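See below for the structure under consideration.
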Amino acid sequence: MSEIKGRLFTMSGIKRDHGRFKDIVRGRIRKNLKNFISQGEMIARQGKDGKVSIPMPQIRLPKFIFGDNKKGGVAQGEGNEGDPVKGMQEQPGQGEAGQGEGQHELEVEVSLEELAEMLGEELELPKIEPKGAKEVTTKNYKYSGINKFGPQSLRHYKRTYKEALKRQISSGVYNPEKPVIIPIKSDFRFRGWAESPRPQTNAVIIYIMDVSGSMGDVQKDIVRNEAFWIDTWLRSQYKDIERRYIIHDATAKEVDQDTFYRTRESGGTLISSAYKLLVDMVTKDYAASEWNIYPFHFSDGDNWSTEDTKVCLDMLREQVLPVVNQFSYGQVESRYGSGQFFKDLIEAFNQNEKLVASRIPDREGIYDSIKQFLGAGR
Amino acid sequence: MLTEELVKWRNLARERAVEYGLDFYEVIYEVVSDHEMNELASLGGFPQRYPHWRFGMEYDRLSKSYAYGLSKIYEMVINTDPCYAYLMSSNSLLEQKLVMAHVYGHADFFKNNVYFSHTNRRMLDQMANHGVRIRKIQERYGVEPVEEFIDCCLSLENLIDHHAAAIKRKRDPKAPEKDIYAATAKESPKLKAKNYMDKFINPIEYVKEQEAKIEEQRLVEERFPDLTDRDVLGYLLQNAQLNPWQQEVLSIIRDEAYYFAPQAQTKIMNEGWASYWHTKIMTKHLLTDAEVIDYACVHSGTVATQPGSLNPYKLGLELFRNIEERWDKGQYGRDWEECDDYIAKARWDKKTGKGRDKIFEVRKLYNDITFIDTFMTEDFCREHKMFTFAFNDRSGQHEIQSREFSQVKQQLLTSLTNFGQPLIEVVDSNFENRGELLLRHTFDGRELKLDMADLTLINLAKVWGRPVNIATAVEGKPILITCNGEEVKSKPLS
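Chains A and B are the protein sequences, given in the same order.
FYI, numbering that gives the first Met the number 0 numbers position 122 of the first sequence as 121, with every residue one higher than the one before it.
FYI, numbering that gives the first Met the number 0 numbers position 56 of the second sequence as 55, with every residue one higher than the one before it.
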């Protein structure tokens with residue numbers, strides 16, 4: 000038989016197909032972003048290094064195929080009748096005889112930045128112009144080089160050792176039988192740093208949630224989802240961002256992130272308690288001239304009394320709105336809430352663009368609500 | 000290009016394969032990088048194909064799962080003349096030897112198995128041509144609309160008649176046309192009458208009325224497929240309202256579907272056959288002493304069984320070996336079947352020595368279904384600990400259902416029938432006398448996945464150009480699903 004020299008074939012270039020596929024997947028993410036946001040899959044899959052992997056089923060073209068009432072399959076191995084089939088996934092589906100490959104879930108790795116970008120593009124969110132940012136610049140220090148001089152605390156042990164070793168070998172002092180390395184002054188190496196100026200913008204998100212009896216798990220899930228996307232977006236806009244969490248029923252307290260989502264109290268609601276804490280927090284820690292402040296308040300809109308509501312409105316008008324970039328109120332609809340607070344807010348602050356109130360009737364509503372909150376670009 | 004070392008081993012493997020009686024189109028081996036292998040595999044082994052995102056999707060999956068160490072493709076071979084085989088460059092020498100021996104098995108199977116006899120052995124060229132044609136169409140009509148139409152066609156890709164090559168189900172398509180005209184010509188609308196009475200018994204209005212009726216009847220009849228048609232793609236190609244470019248796309252998709260069909264039809268046999276020959280050639284001839292352990296490791300990797308699924312390599316290999324042993328010992332025929340003495344059966348050896356001949360015959364004439372149906376015996380089933388399993392809703396897990404031979408075999412055959420695809424055929428193209436297409440799903444207890452069916456119907460309607468229907472059953476009750484192009488409705492069928 001004859002040997003053929005060189006390549007037997009030229010490839011048509013999978014790159015184009017691959018690129019197109021990726022575009023479609025990206026497009027799919029965009030198109031189905033609504034569903035993704037409400038499915039609550041993102042937060043569960045935040046990986047180690049800030050990556051979120053979106054479980055992305057392959058694009059499967061519809062075909063006439065059998066449904067779930069398929070009768071199982073054939074396999075081989077040990078076990079008695081009625082024993083579970085070891086290693087099978089605990090879900091109905093697959094396992095048809097003679098088929099080599101099972102179903103594949105395609106995981107598309109998307110970084111938080113990419114995610115924020117997609118969100119921004121999909122919701123047409125404007126970039127935020129941070130306040131008080133341009134003047135304040137800080138310097139960023141990064142240990143990036145090696146110097147011959149420096150303080151002992153920055154001595155680079157390994158490099159120093161290497162230099163000494165090199166010198167000893169080249170001068171013939173080094174004895175492999177007795178490998179003692181003694182550095183002299185010129186061998187020492189120190190870590191050096193470089194400065195880079197960067198605009199300093201401080202931003203803080205303050206999440207406030209009503210955890211009274213009427214806020215159920217469904218409502219909290221909606222809040223969690225919405226908070227995740229708000230986080231993602233604001234983090235893409237600010238280099239460092241602080242997050243504080245306040246929960247309230249009749250009284251308010253600051254908690255950590257985990258408690259924020261888990262706590263479920265019962266009893267009444269005094270929204271003013273939360274606003275009081277918010278005002279305290281802002282005056283104590285976040286000077287309005289240097290900080291971009293974003294309070295988000297989620298509630299089902301039930302307040303204890305009209306008097307308390309009046310206190311809230313006053314506080315918002317006089318103490319909160321003047322200092323924050325935007326105050327966002329999200330009303331998660333629940334069966335038990337009257338939703339009165341939303342109406343009160345709209346009535347009182349109809350003209351004030353710093354206050355954005357939005358109603359979130361269900362999971363699907365998250366999309367619109369985010370757009371309302373972040374659409375102004377403040 | 001092969002290295003000198005590989006050429007040496009290839010020649011040795013080839014020599015042995017020929018000695019054993021394997022008969023193949025010349026195999027041309029090419030060592031490819033992992034990147035190229037993933038690319039080729041995603042294109043089904045053909046370096047030149049039409050542009051489509053689905054190849055990119057496959058590439059994405061393969062290259063990721065290779066990068067993460069989840070899977071590795073050792074080899075790939077395509078059914079052409081000459082036969083092209085790609086070897087992964089990262090294979091060790093031992094793996095290359097094994098893979099080359101394995102490929103000779105596939106090459107022999109491609110050439111000789113009867114289900115491959117209709118396939119185009121110049122498919123490499125044809126695939127490239129398909130690529131050129133679709134690219135031209137895309138240049139002219141735009142990438143998006145053409146891709147969308149390809150998607151529609153691919154969504155119907157499984158609606159082909161897998162036995163089309165073997166059975167002539169239809170009359171010659173030209174013939175009925177003539178018949179119809181002949182029939183109408185002969186058939187007189189006039190009532191029988193003596194010549195002079197004719198204009199009284201058959202007044203001119205009456206004749207015209209009758210002629211119109213006959214014409215209407217003829218048109219109605221003509222539109223019906225005279226027999227049901229499982230080649231739905233072929234039916235659409237001939238009868239759907241398509242532009243020339245759409246017809247061309249559809250015919251390309253259909254050609255390729257038919258080309259790949261026999262591979263799905265003979266997966267167990269083909270892999271079993273190739274595994275049979277790589278073990279034979281390797282263990283008898285090609286292995287060096289130092290390689291035995293490594294060989295055992297690689298080989299057992301290919302025939303390992305996963306819980307919950309059958310490994311076609313393993314099942315095919317064991318069945319071929321079982322057949323060889325039985326025909327070597329004369330364990331077949333009436334005497335064998337009727338013997339119920341266990342000890343006699345265990346010691347049964349008539350030294351017939353027909354094993355090798357038999358397996359060559361089997362590889363020529365059978366496909367997976369007939370292979371399993373004919374040769375899977377109760378003993379085999381027991382020996383290989385086969386069982387059926389099902390999902391138990393109450394416990395929420397898959398459970399072993401039965402080890403009963405008849406059930407295992409039935410289940411296996413059912414899952415192989417029509418490749419585990421529902422049996423769907425065209426029944427009527429003028430359903431309700433409104434030019435609607437009616438498909439029928441032959442219900443065997445397994446329901447269609449309804450949400451998928453709805454979406455498929457929408458695609459089908461795009462191709463057909465008029466509303467489409469499918470008759471199927473849900474929970475044992477017949478229903479009719481109708482799609483007018485956008486909306487999908489279903490109603491019970493009386």
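Every residue, glycine too, gets a C-beta built ideally from N, C-alpha and C.
Please read these numbers as outputs of a predicted model, since none were measured by experiment.
Expected contact under 8 angstroms - CB spacing of B/L285 and B/W8 to nearest Å: Start at 1 with the first residue of the second sequence, and residue 285 of chain B comes out as number 286. Start at 1 with the first residue of the second sequence, and residue 8 of chain B comes out as number 9. Between B/W8 and B/L285 the Cβ distance is about 7 angstroms, and since that is below 8 angstroms, they are a contact.
Could you tell me which of B/L235, B/E25, B/A256 sits nearest to B/N246, measuring between CA atoms? The sequence position of residue 246 of chain B within the second sequence is 247, counting from 1. The sequence shown places Gln at residue 246 of chain B, rather than the Asn named in the question. That would be B/L235, whose Cα lies nearest to the Cα of B/Q246.
Residues of the stretch 292 to 319 of chain B whose Cβ lies closer than 9 angstroms to any Cβ of chain A, in chain order: T304, Q305, P306, G307, S308, L309, N310, P311, Y312, K313, L314
Just curious, the alpha helix (DSSP H) that B/H129 is in, first and last residue? In the second sequence, counting from the first residue as 1, residue 129 of chain B sits at position 130. From DSSP, the alpha helix (DSSP H) with B/H129 extends over 122 to 140.
Please return the same chain residues whose Cβ sits closer than 6 angstroms to the Cβ of A/R190, not counting the five positions on each side in sequence. Taking the first residue of the first sequence as 1, we reach residue 190 of chain A at position 191. Cβ within range, chain order: Y142, L153, H155.
Does B/P306 come out as helix, strand or coil in the three-state DSSP assignment? Position 307 of the second sequence, counted from the start, is the residue given in the question as residue 306 of chain B. DSSP places B/P306 in coil when its eight states are reduced to three.
Between B/N112 and the rest of its own chain, which residues show a CB-CB distance below 7 angstroms, the 5 nearest in sequence each way excluded? Against the second sequence, residue 112 of chain B aligns to sequence position 113. Counting only Cβ-Cβ distances below 7 angstroms, and skipping sequence neighbours, we find T265, R362, K363.
Here's a check: name, in chain order, each residue in its chain whose Cβ is nearer than 6 angstroms to the Cβ of A/Q318, leaving out the five neighbours to either side. Looking up residue 318 of chain A in the first sequence gives position 319. V278.
Output needed for A/I23: all residues of its chain with C-beta closer than 7 angstroms, excluding positions within five of it in sequence on either side, in chain order. Counting from 1 along the first sequence, the entry for residue 23 of chain A is found at position 24. Excluding sequence neighbours, A/I23 sits near I58.
With the cut-off set at 7 angstroms, would you say B/V30 and B/S88 are in Cβ contact? Residue mapping note: residue 30 of chain B aligns to position 31 of the second sequence, counting from 1. Residue mapping note: residue 88 of chain B aligns to position 89 of the second sequence, counting from 1. Cβ atoms of B/V30 and B/S88: closer than 7 angstroms.
Enumerated in chain order, which unbroken segments of the alpha helix (DSSP H) with a length of 4 residues or greater are wholly contained in the stretch 129 to 192 of chain A? 156 to 169
Proximity of B/F370 and B/M268 at Cβ, strictly below 7 angstroms: Residue numbering aside, residue 370 of chain B sits at position 371 when the second sequence is read from its first letter. Residue numbering aside, residue 268 of chain B sits at position 269 when the second sequence is read from its first letter. Result yes, Cβ atoms of B/F370 and B/M268 sit closer than 7 angstroms.
Nearest-angstrom Cα distance between A/T305 and A/A273? Walking along the first sequence from the start, residue 305 of chain A turns up at place 306. Walking along the first sequence from the start, residue 273 of chain A turns up at place 274. Distance between the alpha carbons of A/T305 and A/A273 is about 16 angstroms.
Would a C-beta distance cut-off of 7 angstroms place A/A356 and A/L373 closer than the cut-off? Along the first sequence, one-based indexing puts residue 356 of chain A at 357. Along the first sequence, one-based indexing puts residue 373 of chain A at 374. No. Outside cutoff.
Through-space distance from B/E398 to A/E80, alpha-carbon basis: Counted from its first residue, the first sequence places residue 80 of chain A at position 81. Counted from its first residue, the second sequence places residue 398 of chain B at position 399. Those two C-alpha atoms are separated by around 7 angstroms.
For chain A, is any of its Cβ atoms less than 7 angstroms away from the one on B/L436? As a first step, residue 436 of chain B must be located in the second sequence, where it is residue number 437. It does not; no Cβ of chain A falls within 7 angstroms.
Can you tell which of B/F404, B/S394, B/A239 has its C-alpha closest to the C-alpha of B/C380? In the second sequence, the residue the question calls residue 380 of chain B occupies position 381. For the residues B/F404, B/S394, B/A239, the minimum Cα distance to B/C380 belongs to B/F404.
Does B/G55 have its Cβ less than 7 angstroms from a Cβ in chain A? Here the question's residue 55 of chain B lines up with position 56 in the second sequence. So, interface residue.
Pull up the distance between the alpha-carbon of B/A16 and that of B/S489, whole angstroms please. In the second sequence, residue 16 of chain B corresponds to position 17, counting from 1. In the second sequence, residue 489 of chain B corresponds to position 490, counting from 1. Approximately 57 angstroms between the Cα atoms of the pair.
Three-way DSSP call (helix, strand, coil) for A/W228 in this model: Looking up residue 228 of chain A in the first sequence gives position 229. Helix.
Residues in the stretch 393 to 421 of chain B with C-beta within 8 angstroms of chain A's C-beta atoms, listed in sequence order? S394, G395, Q396, H397, E398, I399, Q400, S401, R402, V407, Q410, L411, T413, S414, L415, G419, Q420, P421
So what's A/D301 in DSSP terms, helix, strand or just coil? Here residue 301 of chain A refers to the residue found at position 302 when the first sequence is read from its first residue. Coil at A/D301, not helix or strand.
In the DSSP assignment, find the unbroken beta strand (DSSP E) run with B/R439 in it and report its ends. Taking the second sequence and counting its residues from 1, one reaches residue 439 of chain B at position 440. Unbroken beta strand (DSSP E) run through B/R439: 435 to 440.
Minimum Cβ-Cβ distance from A/E225 to chain B less than 7 angstroms: Residue numbering aside, residue 225 of chain A sits at position 226 when the first sequence is read from its first letter. Closer than 7 angstroms: no.
Which whole-angstrom value describes the C-beta separation of A/N291 and A/T200, a residue pair presumed to lie in contact below a C-beta threshold of 8 angstroms? The residue you call residue 291 of chain A lines up with position 292 of the first sequence. The residue you call residue 200 of chain A lines up with position 201 of the first sequence. Right, their Cβ atoms sit about 6 angstroms apart.
DSSP three-state label for B/Q1, please. If you number the second sequence from 1, residue 1 of chain B lands on position 2. As written in the sequence, residue 1 of chain B is Leu, which differs from the Gln given in the question. In the structure shown, B/L1 sits in coil (DSSP, three-state: anything other than H, G, I, E or B).
In the DSSP output, what is B/Y49 paired with across the bridge? For the purposes of this step, residue 49 of chain B is taken as residue 50 along the second sequence, with counting starting at 1. Answer by DSSP bridge pairing: none, since B/Y49 is not bridged.
Take every Cβ of the stretch 314 to 331 of chain B, pair it with every Cβ of the stretch 286 to 300 of chain B, and state whether three or more of those distances are shorter than 8 angstroms. no
Please report the distance separating the alpha-carbon of B/I457 from that of B/P466. The count along the second sequence starts at 1 and reaches residue 457 of chain B at position 458. The count along the second sequence starts at 1 and reaches residue 466 of chain B at position 467. Looking at the two C-alpha atoms, the distance is approximately 9 angstroms.
Sub-7 angstroms separation of B/F23 and B/K110 beta-carbons: Translated into positions along the second sequence, residue 23 of chain B becomes position 24. Translated into positions along the second sequence, residue 110 of chain B becomes position 111. Taking 7 angstroms as the Cβ cut-off, B/F23 and B/K110 qualify as a contacting pair.
Drop a sphere of 10 angstroms on the beta-carbon of B/S116, count the other beta-carbons inside from all chains shown, and report buried for 16 or more, exposed for fewer. Translated into positions along the second sequence, residue 116 of chain B becomes position 117. It is exposed - the Cβ of B/S116 has fewer than 16 other Cβ atoms within 10 Å.
Presumed contact (8 angstroms Cβ cut-off) between B/I133 and B/P50, rounded CB distance: Sequence index remark: in the second sequence, residue 133 of chain B carries index 134 (1-based). Sequence index remark: in the second sequence, residue 50 of chain B carries index 51 (1-based). Confirmed, Cβ separation roughly 7 angstroms.
Whole-number beta carbon distance between A/S211 and A/T268, since they are thought to touch under 8 angstroms: Counting from one through the first sequence, the residue named residue 268 of chain A turns up at place 269. Counting from one through the first sequence, the residue named residue 211 of chain A turns up at place 212. At roughly 4 angstroms, the Cβ-Cβ gap stays under 8 angstroms, so A/T268 and A/S211 are in contact.
Let me make sure I understand the geometry here. Which of A/D284, A/T282, A/Y173, A/Q371 has the alpha-carbon closest to that of A/F295? Along the first sequence, read from residue 1 onward, the residue named residue 295 of chain A stands at position 296. That would be A/Q371, whose Cα lies nearest to the Cα of A/F295.
Which residues in the same chain as B/N52 place their Cβ atom closer than 8 angstroms to its Cβ, once the five residues preceding and following it in sequence are excluded? Residue mapping note: residue 52 of chain B aligns to position 53 of the second sequence, counting from 1. Going by the sequence as given, residue 52 of chain B is Trp instead of Asn. So the qualifying residues of the chain are E146.
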